[in-house]
Every structure is written in structure tokens, then in C-alpha cells.
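Chains as they are written, first to last, in my numbering: chain A, 19 to 506; chain B, 19 to 506.
Beta carbons are placed, not taken as given, at the ideal position from N, Cα and C, and that holds for glycine.
Below is one structure, written out as C-alpha cells; the observations come after it.
There are 2 protein chains.
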Amino acid sequence: MPDMKLPTRAEDYSEWYNQLVLRAELADYAPVRGCMIVRPYGWALWENITAALDQRFKATGHVNAAFPLLIPRSFIDKEKSHVAGFSPELAVVTHGGGEELEEPLVIRPTSETIIGHAYAKWIQSYRDLPVLINQWNSVVRWELRTKLFLRTLEFFWQEGHTAHATAEEAEFETRQMLDIYTDFAVREAAIPVIPGRKSASERFAGADQTYSIEAMMGDGKALQSGTSHNLGQNFAKAFEIRYLDKGGVLQHSWTTSWGLSTRFVGAIIMVHGDDQGLIMPPRLAPYQLVIVPIYKTDEEKATVMTNARKLRVELADAGIRVKMDEREGMSPGFKFNDWEMRGLPLRLELGPKDVAKASVVLARRDRPGKEGKSFVPQQGIAGAVKRMLEEIQKALYDRALAFREAHTAEPADYAGFKTAVETGFALAWWCGSESCEERIKQETKATMRCIPLDQSLGADGSAQANRSGKCIYCDDPAKEKGIFARAY
Amino acid sequence: MPDMKLPTRAEDYSEWYNQLVLRAELADYAPVRGCMIVRPYGWALWENITAALDQRFKATGHVNAAFPLLIPRSFIDKEKSHVAGFSPELAVVTHGGGEELEEPLVIRPTSETIIGHAYAKWIQSYRDLPVLINQWNSVVRWELRTKLFLRTLEFFWQEGHTAHATAEEAEFETRQMLDIYTDFAVREAAIPVIPGRKSASERFAGADQTYSIEAMMGDGKALQSGTSHNLGQNFAKAFEIRYLDKGGVLQHSWTTSWGLSTRFVGAIIMVHGDDQGLIMPPRLAPYQLVIVPIYKTDEEKATVMTNARKLRVELADAGIRVKMDEREGMSPGFKFNDWEMRGLPLRLELGPKDVAKASVVLARRDRPGKEGKSFVPQQGIAGAVKRMLEEIQKALYDRALAFREAHTAEPADYAGFKTAVETGFALAWWCGSESCEERIKQETKATMRCIPLDQSLGADGSAQANRSGKCIYCDDPAKEKGIFARAY
Numbered sequence: 019m020p021d022m023k024l025p026t027r028a029e030d031y032s033e034w035y036n037q038l039v040l041r042a043e044l045a046d047y048a049p050v051r052g053c054m055i056v057r058p059y060g061w062a063l064w065e066n067i068t069a070a071l072d073q074r075f076k077a078t079g080h081v082n083a084a085f086p087l088l089i090p091r092s093f094i095d096k097e098k099s100h101v102a103g104f105s106p107e108l109a110v111v112t113h114g115g116g117e118e119l120e121e122p123l124v125i126r127p128t129s130e131t132i133i134g135h136a137y138a139k140w141i142q143s144y145r146d147l148p149v150l151i152n153q154w155n156s157v158v159r160w161e162l163r164t165k166l167f168l169r170t171l172e173f174f175w176q177e178g179h180t181a182h183a184t185a186e187e188a189e190f191e192t193r194q195m196l197d198i199y200t201d202f203a204v205r206e207a208a209i210p211v212i213p214g215r216k217s218a219s220e221r222f223a224g225a226d227q228t229y230s231i232e233a234m235m236g237d238g239k240a241l242q243s244g245t246s247h248n249l250g251q252n253f254a255k256a257f258e259i260r261y262l263d264k265g266g267v268l269q270h271s272w273t274t275s276w277g278l279s280t281r282f283v284g285a286i287i288m289v290h291g292d293d294q295g296l297i298m299p300p301r302l303a304p305y306q307l308v309i310v311p312i313y314k315t316d317e318e319k320a321t322v323m324t325n326a327r328k329l330r331v332e333l334a335d336a337g338i339r340v341k342m343d344e345r346e347g348m349s350p351g352f353k354f355n356d357w358e359m360r361g362l363p364l365r366l367e368l369g370p371k372d373v374a375k376a377s378v379v380l381a382r383r384d385r386p387g388k389e390g391k392s393f394v395p396q397q398g399i400a401g402a403v404k405r406m407l408e409e410i411q412k413a414l415y416d417r418a419l420a421f422r423e424a425h426t427a428e429p430a431d432y433a434g435f436k437t438a439v440e441t442g443f444a445l446a447w448w449c450g451s452e453s454c455e456e457r458i459k460q461e462t463k464a465t466m467r468c469i470p471l472d473q474s475l476g477a478d479g480s481a482q483a484n485r486s487g488k489c490i491y492c493d494d495p496a497k498e499k500g501i502f503a504r505a506y
Numbered sequence: 019m020p021d022m023k024l025p026t027r028a029e030d031y032s033e034w035y036n037q038l039v040l041r042a043e044l045a046d047y048a049p050v051r052g053c054m055i056v057r058p059y060g061w062a063l064w065e066n067i068t069a070a071l072d073q074r075f076k077a078t079g080h081v082n083a084a085f086p087l088l089i090p091r092s093f094i095d096k097e098k099s100h101v102a103g104f105s106p107e108l109a110v111v112t113h114g115g116g117e118e119l120e121e122p123l124v125i126r127p128t129s130e131t132i133i134g135h136a137y138a139k140w141i142q143s144y145r146d147l148p149v150l151i152n153q154w155n156s157v158v159r160w161e162l163r164t165k166l167f168l169r170t171l172e173f174f175w176q177e178g179h180t181a182h183a184t185a186e187e188a189e190f191e192t193r194q195m196l197d198i199y200t201d202f203a204v205r206e207a208a209i210p211v212i213p214g215r216k217s218a219s220e221r222f223a224g225a226d227q228t229y230s231i232e233a234m235m236g237d238g239k240a241l242q243s244g245t246s247h248n249l250g251q252n253f254a255k256a257f258e259i260r261y262l263d264k265g266g267v268l269q270h271s272w273t274t275s276w277g278l279s280t281r282f283v284g285a286i287i288m289v290h291g292d293d294q295g296l297i298m299p300p301r302l303a304p305y306q307l308v309i310v311p312i313y314k315t316d317e318e319k320a321t322v323m324t325n326a327r328k329l330r331v332e333l334a335d336a337g338i339r340v341k342m343d344e345r346e347g348m349s350p351g352f353k354f355n356d357w358e359m360r361g362l363p364l365r366l367e368l369g370p371k372d373v374a375k376a377s378v379v380l381a382r383r384d385r386p387g388k389e390g391k392s393f394v395p396q397q398g399i400a401g402a403v404k405r406m407l408e409e410i411q412k413a414l415y416d417r418a419l420a421f422r423e424a425h426t427a428e429p430a431d432y433a434g435f436k437t438a439v440e441t442g443f444a445l446a447w448w449c450g451s452e453s454c455e456e457r458i459k460q461e462t463k464a465t466m467r468c469i470p471l472d473q474s475l476g477a478d479g480s481a482q483a484n485r486s487g488k489c490i491y492c493d494d495p496a497k498e499k500g501i502f503a504r505a506y
């Protein structure tokens, strides 16, 4: 196990990220360019993300299913915006079973088309609606520039696809799922996000409206962390998803789709990580606490291990995810660094003196050094650990929010705007024209991340009274403010 | 919803199966030949299968991960038996991002090769062993003759891949996982299975030894329901998975792989189903009980629904998976048939008279008609339902076992053998020669399913004393008995 230090974030943020992902054994490069292997520690985090979302989806009436990986090439062509958006990114299967196929197949880049085809068959009457289906799978998009978790040829995600009888229901669903992503990000991942509407140029290929949650990473850049699309009747018309309404009239359905991917793992790393490594939010951490037994002699080892095992059982029985580090031939100091790098929220140190005093040392990952250490009696340890995990969860959120607010400006003019997007977000009035948006992007590399749903919030989180202003680029009247930032 | 009856199993077993899968909405045909859509009801069953297995894998120290879908074509060629077995079945990606690829990629037919490549990188020392990884995913094999769940181009499964320091550990792991599949089949799915060793001709391509569990379907044919492979050092040598042992000597690892797929859904359908439709084993059933409220007037409806909702909450709180059928405009009789076809283990009928008497009618799916009906007081209903679900689980297992024993013969000669495999399993001495095995297959269409691990068991489940006999085909001395059957 290499013991070299990570580069600091200030030295090289990108390299800090890459090395951290590899050294914490979250993921590894695959032999095919741009693909990744999600290693067990990374997958355990993803499984916890999955469980937290899946429970929310089911509580709102959604069910899971599985649609095929392979889609006829011709399906992609049926929706005109969709084909324009996805054609350049397709992986194409031309041969199967040793023979050339009559029609090439593509590996799904997303499943609107094949699901649209199925819904057209399954939906006949208003009684069949709504259809509320989600699937957990992987998709393939032939990206040129890739980075582990953030942009890979194959990535893992969930994609929800729903069909409704009315435009209102579809819009309600689209916004409901955005709310679920927001709630998940805030409560489970301790990541403050800005829910908002995308501009036309940033919409999903084939959507009438795209909403997203946007988070600020540790370098001030934005990461789109989940999206929800109102597809209007676009796919219903392309695939003939029709139903007989109560009056016996044939109508096209209204559909939505929404997804959150392994990109979100990248968000967790970049929002919470520090120069020592990862910091896992307790509610999603694969392990919430590591026990490091400390001893020198065999006699000490026997005493300490007996006590350590008892504590492990007690903590695990209370529902805490515990790792016991019993590795031989490694110093406690090495183990401390190793688990700090991997981001376990709490470390429990137990030596012969602790056993004698019936106490333990608990060290918080989010507060390095002495400040984060406390002596805690073994009596009632599970309760103390649970309280501390909740404190850490809250502290991580508060810190991330304070960081975002400190790096979000509401610039008075374009000069101030240009400075703001060097280091963070700019919240700015926008006239709504695509040309202003495009010029800003050309000149500053900052894109319009979203138009926040809550227009009353200022950069520092305070409420604002203004309902209109002047476009930050052209000075024309503007009715909405957007978040602009450089983005992953 | 079409109300036509299923064909009976006696009329057309294959068509009974196909229509049942479609009408119970377990799965549907995809637009690509041989692929399937697993619909929400089928996927809910698969999720319960997944959970029951995953818990067993984790309890024995395994962790999950995710390896890529795309594998360089050249990887498949590295293990000589593997390439021979899988080359004819590959789906090949030749284009990505609009350009022809330098090296074609294949969609994984199974992941030994790409995982072997990763393990070679991750494993350096005996301290890194064992590696115990599983993944839940889908794989693609270009099959010519397909059938929903039983054989599809893309299918869903788990594939475990482990690496060990010694041959003994690898064999222990291989057998442990076979035991886990057996325990799962028996306890969760109520399916009696025969764990055994495959003959050389039926081994996985690249394995030293393949073990399987074999189940008898309702038509007497066999279904291989899970496999566990001891790969020896074959893949370790092909991919250079090596470790430094305690003495500092470089050694090749010993690896295993094991898998269970959505084929198992086919087993559940064909083992338990009857002419009315599916019968779900209670422990895996997406819904264990359906409440069908019965009323005529609005006043009756109000009374019945209030009581029904109270019962639903009480049953759900006790951990029972409950479906309430509130559909309007359908007769109770229609609903009874519909849920029978979908195989819910229990039906709770509640009409105004039941409300007045504070009782309900419970109807068992596995015992049609009056025999399966009982009046049960609402007081203590959850306990009564749980006991009944346990009884049904046991009754399904007992019935399947009795069926298998009634359709398994231990023929005295080859003429008897030929008759036996017309309707079920033949347990017969085999000399071990591939030519006898091949001739039997040519002449009877029966293949050697497995050599049961427990050689003392007779066809009727009784213990047998004989430890040797004469080959059923050539009369040469034989030391082992095999199960021969026609198979899916």
C-alpha cells in the first residue's frame, strides 16, 4: 500500500481528485478508454445512494423494471431533437453471433425511445395511466474527454420514465422528482443544491423543459447533480403513446424522464473532501466508524481485542456500520491516515488504558487534530456515536453551504461577473436571449447552470425584493436571475 | 384486460408458459429479437430474489462492485476453452462516436476476462487474498432459440468472481456458493433442487469443475438453476493473476465464478404454476396477499372500505406485503381470477357480512375452491396470515418434491431409461465415458444434468447402500450415478 501523500487541492485540484479516487479504491480505470471499474468501496457508497433514492421513489408510487440494453438504431431517429443530441455519442453493435446484423443496434445512451415503444403498446386507456416506472442500470455515451465518476463512456444511474393523461400531471411529476433529488442531496449527502430550470440551450435533447439541481464543488465550479425533464408530447407523438380518454377520444400522453448517476459520487468527493482525503457523509458512508485497536504486547492485544469485539457487536446491533481494523504489521498511525484518506466519519481508538478506564477515544474526520477528539465512556457508547454522526452530518452540510455562499457573488456589472466566475458562482439578471448566454460562455467559460426556482434568494441566502433588473450582459430588461458558473 | 383462459398445461405446456408470462405482466418481448422487457411485477419478484441472495453473499464476506459492459475482443481469446465456448455468441461493437474502432469491443457474455485483468493489477501479495467480489448486472449472448426468462439474448444475473491463495480454498468457495444456491432455492423459492457436479462436456468454458443445482419443471424436464465453477489456475495463468506467498515466492491464484440468473424466474413459474396461472412462493412474492372488497351499494362500500383500509394498515405494519384491489367497474369474480392468474398466495375477501361479524374470508392460492377457504376472525389477523403464508410455503415445497420423486425413476435397463426420460428424471449408473453420454443424448434427447453430490440418495429420496453398478448404456463398471433428463 503506497504511503505517499495526496497533492493538496490548492496545488492541483484535478490531480487531487484523480489520485483520491484511485487510492481510496473507489474506482479504477478499465482497459477500454473512458470506462471505469467501480470498486467495492465505491459501489458500497453507490448502493447506499441507491437505497436512499429507491425508498423515495417507491414512497411516491413508482415501481422498478428493466428495459433492454440494445435499441434498434432507427428508434433514435424518431424524435428529431433526440437524434441530433445523441447520434454523435452512440456505441453501435454491427455483428451478433458471428454475422453482420440487418439493422445495426445501439447500446442505450438513455431509454426514452425503447420505453416509448413499450408504453405505446401497454397504454390504451386513461385507466392505464399514470405509468410510473424507474430502472437502475448503466448507459453508454461515447464521450471524448473522460474523468472517473464525472464523465465516463459507461455510467451507472437510475432513469425514471412516466406517462400521464395531462400536461399538468406531467409537470407536477417533473417537479416532484426534482424535489426528491433536492431532499436526497440535502438530507442524505449533506450537499446544498440549487434547484432550477435549464435554459433552452442546456435542455435534454427532446424535452420541453429540463430542471436540475446544481452543486458547488470545492474549487468553486458547478456540477449538475440530477435532472428532471418534462418531455411534453414529443416522445408520445414520435412513438404514438396514445390513450382513450373518459370521453372516448384518442389523446397523446404526456411523458417525463429523470435521472441521477454515479456523477453524484464525484459531487460527494469534491464537496466534502479535504487535503487528507475523502469525508463521507455519515448517512451514506459505507462504514460510519472504524475501530482501531492499539497494543504492543500479546497480553495487551488479548485485553484490547476482547473489549474491541464487544464494542463492535454493541455498535453494529444499534445499526451503526462498523469496520474493525485488525490488520497486523501496521502501526496505528498508518491506520489512522489510511481511514482518514478513505473518509470514515468517526474513528474509535482503543488502547489498554482506555480498557482500564472503560472509555474510548472518538476522533471526528471533519475536525482534524485534537479539536475533533473526545474521551467517551463505554457505557452508552452507541447513543453517543449516533449523536456524533448526526452532528457530523449537520456540520458537513453547514460547511458546504457556507463555502457556497462565500463563493457566490451577485455582481453589479459584467466586469464583476467575470471576476466572480473565476472562483465561484455568479447570480445575475439575464434577459433570456440565447445570444447573451452564448457570448458569456465564449468570453468567460461560464455557462448558465440554472434559473433558480426560488427567485427571491440572494447570493448570501437572504431574501430579496427585486422582481426585475437589467441583463448582466446587454443591459436589456430582465425578469429572471440565473446561476452562471464554470462547470464539470 | 383480456379475459380469455390460459391453455392448460396438458394441452400445450410451452404456450401455457408464454401466455402466462405475458398475461401476468412478468415480461414482454422487446423490439430486438430475443431480448425481453422485465415488467414491474416480474422485476419486483427479481428484486426479492436479489435481496435474498445478496444477504447470503454478504453474510459470507462477499462485497459488490461493477465492472464494465465493454470488453476488448482480444481478452476473450486469452483463455483457450473460454474463447471456444463464447466466440459464437458475441455481440460486437465496431463503431463508437461516429468512428470505426481500432479494436472491436464485445458486450460481456460473462466477466471472467475483464475481472481477471483487474485482479492481476490489484493482487500482489497473499495479504490481498482472498478477493470475494460479486456483481449484479446483465450480459449478452447471441442465442438463436429464445424464450422469455429461460433463454434471452440479454439476461439479468449476478456473477461472483473470487481469487484465492490455494486450490483447497477455491474448491471450498465453489462448494459454499453451491450450498448457498441450494439453501436459497429450497427455503426462499420452495423449489427442491439436486446439487451436483457437471460432466466434462457440460462444464463452463474455462472451468476445471462446474457444479449446478438442477430442478424439475412441471413437465418433467430439468432446468439448470444456478452454477458454481472452480476455474483452477486457468484464468490466473491467462491473465497473470499472481501473488507473493508468505515465503516470497510468486504464485498463480486460484479463482472461482458462480451465477444465478433471471432463468430462475422461469423455474418458479414452471415448478409452482397450475392451469389457473402462477403461484408465487410467499417468501418471494411481490404481494403476499390481496384484499378484495365486496359491496353493492354506496353505503356498503363505505362500510367495507373503512374496514378494509384498517386491515391493510394492520397487515402492512406486521411486515406482510399487501395489495388492495380498489379497481372500479370490475366484479369480485373477475378480480379473484385476475389475482389467481398472477399467483398471489392469499386472497382476503371482505363483504358487509364479514364486517358485521368482524371476520374475513382467506382463500389459499395453492388450494383452489372451497377446500382452501377459511373464515378467520379479524382479531389477531396478522398472526393468522403469517402462519398461513408459512403453511403455503411449506406446502408448495412438499408438492414440488413429491412431484419430482413421482417423476424420477431408477431404471433397471436402457429400455426403462428411455421410458423414464420421456416424462421425468432418470437416476442411472454411468461409467464416466463421454461417448456413452453423447450416445444417450443422441438417442433419447436426455443430457446428463449432474452427478449428485449425495450419491446415497435413491430416486424416491431413500438412502441406498450400493456404491457401484453397471453403466446404463454400456454395462461397464460404474462408480457414480447421474441424473439424466431432457432440459431447458
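The Cβ-Cβ distance between A/E332 and A/P370 does not fall below 7 Å.
Around A/V56, the same chain offers A45 as residues with beta carbons nearer than 6 Å, after the five sequence neighbours per side are excluded.
Beta bridge pairing from DSSP links A/W447 with A/K499. Its Cα nearest to that of A/V439, the residue A/E461 stands out among A/R126, A/S92 and A/E461. For A/R74, the closest of A/I94, A/T200, A/A424 and A/F173 by C-alpha to C-alpha distance is A/T200. Taking all protein chains shown into account, B/F282 has 16 or more neighbouring C-beta atoms within 10 Å of its C-beta and is therefore buried.
The stretch 217-232 of chain A and the stretch 105-122 of chain A do not touch, with fewer than three beta-carbon pairs separated by less than 8 Å. In the displayed model, B/H290 falls within a helix according to three-state DSSP. Put simply, the stretch 138-146 of chain B does not touch the stretch 160-175 of chain B. Fewer than three CB pairs are less than 8 Å apart. Residue range P370 to K375 is occupied by the alpha helix (DSSP H) that includes B/P370. Any Cβ of chain A closer than 7 Å to the Cβ of B/P148 would place that residue at the interface, and such an atom is absent.
At the C-beta level, B/K216 and B/C468 come within 7 Å of one another. In the DSSP assignment, B/S474 falls outside any alpha helix (DSSP H) and carries neither an H nor an E. Proximity of B/V124 to chain A, defined by a Cβ-Cβ separation below 7 Å, is not satisfied. For A/T245, the beta-bridge partners assigned by DSSP are A/S230 and A/G277. Just so you know, the alpha carbons of B/Q176 and B/I458 end up roughly 33 Å apart.
A/S453 and A/Y432 have their C-alpha atoms spaced approximately 15 Å apart. For B/Q460, the enclosing alpha helix (DSSP H) covers residues E452 to T462.
Note on geometry: alpha-carbon atoms of A/A464 and B/W64 lie some 45 Å from one another.
Taking 8 Å as the upper bound on Cβ-Cβ separation, chain A lies near residues L88, I89, P90, F93, S105, P106, E107, L108, A109, V110, V111, T112, H113, G114, G115 and G116 of the stretch 88-121 of chain B.
Residue environment: B/Q227 is assigned as buried (16 or more neighbouring CB atoms within 10 Å of its CB, all protein chains considered).
Judged by DSSP secondary structure, B/E117 falls within the beta strand (DSSP E) whose first and last residues are E117 to I125.
Against chain B, a Cβ distance below 8 Å from A/I151 picks out P58. Each residue's CA atom was taken as its position, placing A/A505 and A/L241 some 6 Å apart. Cβ neighbours of B/Q411 within its own chain (closer than 7 Å, five residues either side excluded): A208, P299, P300 and R301. The beta carbons of B/G250 and B/L150 sit no closer together than 7 Å.
Burial state of B/V124 is buried, judged by a 10 Å Cβ sphere holding 16 or more other Cβ atoms. B/G277 is not a Cβ neighbour of B/N252, given a cutoff of 7 Å.
Close CB contacts of A/H270 within its chain, under the 7 Å cut and outside five residues either way in sequence, are with Q251, A254, K255, I259 and R260 (chain order). Shown in chain order are the members of the stretch 73-85 of chain A whose Cβ falls below 7 Å from a Cβ of chain B: V81, N82, A83, A84 and F85. For A/E65, the chain B residues whose Cβ falls inside 7 Å of its Cβ are N82, in order along the chain.
At least 7 Å separates the CB of B/C492 from every CB of chain A. Among the CB atoms of chain A, one or more fall inside 7 Å of the CB of B/H135. Straight through space, the alpha carbons of A/W140 and A/Q473 are spaced by roughly 40 Å. Residues of chain A with a Cβ closer than 8 Å to the Cβ of B/E172 are, in chain order, P86, L87 and L88. In the same chain as A/G52, and ignoring 5 residues on each side of it, the C-beta atoms closer than 7 Å to its own belong to E161, T164, T170 and L171, in chain order.
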